[in-house]
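Let me begin by presenting the structure, written as structure tokens, before commenting on it.
Residue numbers (this note's numbering): 64 to 188.
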């Protein structure tokens, strides 16, 4: 009788081990410093091993800031020259879905925040 339940139990155990070893866990990255998305953080992403599936978390005062995903040209010029994904919640979670280089700036009506270092460039592996 014990032998009849042993095989299904072993199969379930092996399946659980297989699933546990193949699941890739994403990481949440809080962008910025203790106060989150703020000024003078443009070098924040330089040393981060961000991978596809990870989540960037932007925390900020929604009344004062936003997050705009822009092109490299707009990042360098602190402009938004075309329709771009814009986040305004103050607690934005942006899942990284592909590898490459990505650029984010704060652009609340003027480029002043971006020009004061409220921007990041990240490389996703």
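Just so it is clear, CB atoms sit at the ideal spot from N, CA and C, and this is done for glycine as well.
How is the beta strand (DSSP E) around residue i delimited, first residue to last?
i: residue 154; result: 154 to 158
i: residue 184; result: 182 to 187
Look up residue i in the DSSP assignment and say whether it is helix, strand or coil.
i: residue 107; result: helix
i: residue 42; result: The question about residue 42 has no answer here: the residues shown for the chain are numbered 64 through 188.
i: residue 143; result: coil
i: residue 120; result: strand
i: residue 170; result: coil
Name the residue from the options whose alpha carbon lies nearest to the alpha carbon of residue i.
i: residue 89; options: 187, 133, 184 and 115; result: 115
i: residue 137; options: 112, 168, 150 and 120; result: 168
i: residue 143; options: 122, 176 and 154; result: 176
i: residue 128; options: 187, 172 and 184; result: 172
i: residue 163; options: 135, 92, 151 and 95; result: 135
i: residue 99; options: 181, 185 and 187; result: 181
i: residue 165; options: 101, 107, 103 and 96; result: 107
i: residue 140; options: 93, 152, 159 and 170; result: 170
Can you name the start and end residues of the alpha helix (DSSP H) that residue i belongs to?
i: residue 128; result: From DSSP, residue 128 is part of no alpha helix (DSSP H); its letter is neither H nor E.
i: residue 138; result: 135 to 140
Residues bridged to residue i by DSSP?
i: residue 175; result: DSSP, once it has assigned bridges, lists no residue as partnering residue 175.
i: residue 99; result: 96
i: residue 163; result: 187
What does the Cβ neighbour count give for residue i, buried or exposed, with the cut at 16 atoms within 10 Å?
i: residue 126; result: exposed
i: residue 117; result: buried
i: residue 110; result: exposed
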